[in-house]
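Note sheet for the following structure.
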Amino acid sequence: MELLKYKNLLFEITPAKGTLLAIVSFMTLETVLSLITPWLAGQFTHAVLSPSSSPTLTYQQILLLWLFLLALQAVISFFYGYLSGTTSQRMLTGLRVRLYDHLQALPMNYFHEHKHGNTLALLTNDAAIISDFVTNTLLGLLPLLLTVCGALLCIFLITPLVAVLAGLLIPLFFLTTKLLGRRIRPLSRQMIQLYSDTLSIAEENLATLPVIKSFTREIRESQRFEEKNARLLLVTAAYLRIQSLLSPLIKFVATGIILFILWLISGDLSSGGLTPADIVKLLLYGMMMTQPVSRLANVYGQIQRAIGASEHLLEVFSLTPESPSAGIELPFVKGDITYQDIHFRYPGRRPLLQGLNLAIKAGETVAVIGANGAGKTTLAHLLMRFADPDSGSVYIDGNDIRTVSLASLRRQIGIVQQQVLLQNSTVADNIRFGCPDASQEQIELAARNAHALDFITKLPKGFSTIIGDQGVRLSGGQKQRLSLARALIKDPAILILDEATAMFDPEGEQFFIRECRDILQNKTVILITHRPGSLLLADRIVQLTDGHIREKTGE
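261 is the number that the numbering used here gives to position 244 of the sequence shown; each next residue is one higher, with no gaps.
Put into structure tokens, the structure is as follows:
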């Protein structure tokens, strides 16, 4: 069975044995009670039509028993529905947490190669499909099979011939389902992919809304989003058309066959081989069989959807995550940095760094200049191990950084990026992001050292001010200072300033440079910049050209 390929994923998200046993028990009990109903109907028929033949129960007693069983079924159905629903939500929560933890641990190059919308679709649509499949579809197979088998057994006890004929026809139903549903699988995959694409467009457009508005692209982007949704609707409609056809068609065929069999044996009624009560029981047990058979047709489509979602999840789970604690603990560093014979290229692109060598002394501020795309930011990423060189090594205080744990490495490096990434939270929360246990005094000291305290105290709620998505309520310079404070609160031995003054005007840049001299003392600083004014901070300037350090110029 094809689902066996996904047994590891199903095993990991299946409920605990106790919960699973309780759900199965409720399902089994409800099925057993439903199988009693046709028997009661037969007994009621017998009691009404032949009251003088000494039935075990009067028809009034049968009705009371019937009512009791219906009430018991309702109670069991409530407990089963509640337990199944809460279990499904717990499974969905657990799967999303596990998936999020895995995504968060993946190397940065994964996110460089995949759209954010596709990642969000994994956490929303795909995870929900799998959770629903396990609790509602997979576990729901048991009562369906029990109902079919139980109904066949009850029919066999009444007349073996009918049971044998009905049993022989069941494989025909599965073959019909397979033939009619062969188009469901590709449609399921298209639905999942189109959902991801649609979410990607929405996520991308909302993130770049100022650009869309500035270029008056609202209508065009709305059309693009609408077109993708229209394609999703078409594929979904095709899927639902087939899925909606399967169940009633199978039910109609199954019911027709059952009625035909009953018609064939109706002569036994007049000959005395079957009683009216037997005919009623056969009819109801036959009808009972048609419902699970038709529902099994729907299961086929749900399996195909689950397979499509599982393929996406398994593809991500097969990727090797980073292990922050793997490797030796990097002790407190002085800050000597050495890039030795570094070769590096991004996938599908030409070589970027070709035998690069660079040595930076502890406490030295080195400015790295060069054309756009020369690889300046890549030097920072290699030092943080957001990426690893194809060959060559990076050393800190003589330690190859590939041999030390990521946690101990990144803990001792602070970075202020050109594209400032901030959370939609308070100023204080953003500053303490890298040091969650920092006190208010430490937060204010970091803000003071980053020369951000002045503007923070003027905000409506000071450190408690919410700054909006990506700090949208702050100016560019304010965001840079907040980012610097976030880096400084760790008190890192190594500091990377990647175009840290890009959002300042010349006057603001000069002020920033003057105020930062004291901050940068006793730290190893890599200053990546295009701004001539920022070079005043540097002890030494190096130029990155054609993948090499081609030129070194004194300040």
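Glycine is no exception: its CB is placed at the ideal position from the N, C-alpha and C atoms. Predicted model, so just to flag it, every value in this text is computed and none were measured.
In the three-state reduction of the DSSP assignment, residue 111 falls in the helix class.
Secondary structure of residue 311 (DSSP, three-state): helix.
Residue 222 carries a helical assignment under DSSP once its states are collapsed to helix, strand and coil.
Residues 167 of the same chain have their beta carbon placed closer than 6 angstroms to that of residue 52, with the five preceding and five following residues left out of the count. If only complete runs of 3 or more residues are kept, the stretch 477 to 520 shows the beta strand (DSSP E) at 511 to 515, in order along the chain. DSSP places residue 129 inside the alpha helix (DSSP H), whose first and last residues are 125 to 130. Taking every protein chain shown into account, the CB of residue 231 has fewer than 16 other CB atoms within 10 angstroms, so this residue is exposed. Cβ atoms of residue 449 and residue 506 come within 8 angstroms of each other, at about 7 angstroms.
The three-state secondary structure of residue 539, taken from DSSP, is coil.
When the Cα atoms are used, residue 107 and residue 113 turn out to be separated by approximately 10 angstroms. In the structure shown, residue 363 falls within a coil segment according to DSSP collapsed to helix, strand and coil.
Residue 266 and residue 311 have their C-alpha atoms spaced approximately 8 angstroms apart. The beta carbons of residue 393 and residue 385 sit about 5 angstroms from each other, so the pair counts as a contact at 8 angstroms.
Between the beta-carbon of residue 184 and that of residue 161 there is about 15 angstroms, and that puts the pair past the 8 angstroms contact cut. Listed in chain order, the alpha helix (DSSP H) runs fully inside the stretch 331 to 358 amount to none, counting runs of at least 4 residues. Sequence-distant Cβ neighbours of residue 278 in its own chain, meaning closer than 8 angstroms and more than five residues away, are 179, 182, 183 and 303.
In the three-state reduction of the DSSP assignment, residue 329 falls in the helix class. Non-local C-beta neighbours of residue 307 in its own chain, meaning closer than 6 angstroms and more than five positions away in sequence, comprise 268, 271 and 272, ordered along the chain.
The DSSP-derived three-state label of residue 165 is helix. Sixteen is the threshold: when 16 or more other Cβ atoms of the shown chains lie within 10 Å of the Cβ of residue 503, as they do, the residue is buried.
Of all C-beta pairs linking the stretch 351 to 358 to the stretch 313 to 328, fewer than three are shorter than 8 angstroms, placing the two stretches out of contact. Of all alpha-carbon atoms in 561, 498, 486 and 139, the one lying nearest the alpha-carbon of residue 226 is that of 486.
Contact between the stretch 150 to 161 and the stretch 242 to 255 is absent: fewer than three C-beta pairs spanning the two stretches fall below 8 angstroms.
For the 8 angstroms CB-CB criterion, residue 408 and residue 417 do not form a contact.
With 16 or more neighbouring CB atoms inside 10 Å of its own CB, residue 494 falls in the buried class. Under the DSSP assignment, residue 445 falls in the alpha helix (DSSP H) whose first and last residues are 444 to 448.
Between residue 554 and residue 534, the CB-CB gap stays under 8 angstroms. When DSSP states are grouped into helix, strand and coil, residue 133 belongs to the helix group. The criterion of a C-beta distance shorter than 8 angstroms is not satisfied by residue 349 and residue 399. Close CB contacts of residue 381 within its chain, under the 7 angstroms cut and outside five residues either way in sequence, are with 541, 556 and 557 (chain order). Counting along the chain, the unbroken alpha helix (DSSP H) around residue 35 starts and ends at 34 to 66. By the 16-neighbour rule on beta-carbons within 10 angstroms, residue 224 is exposed. In this structure, the alpha-carbon of residue 562 lies about 13 angstroms from that of residue 396.
For residue 374, the uninterrupted beta strand (DSSP E) segment begins and ends at 370 to 377.
Looking only at 339, 295 and 133, the smallest Cα-Cα distance to residue 423 is reached by 339.
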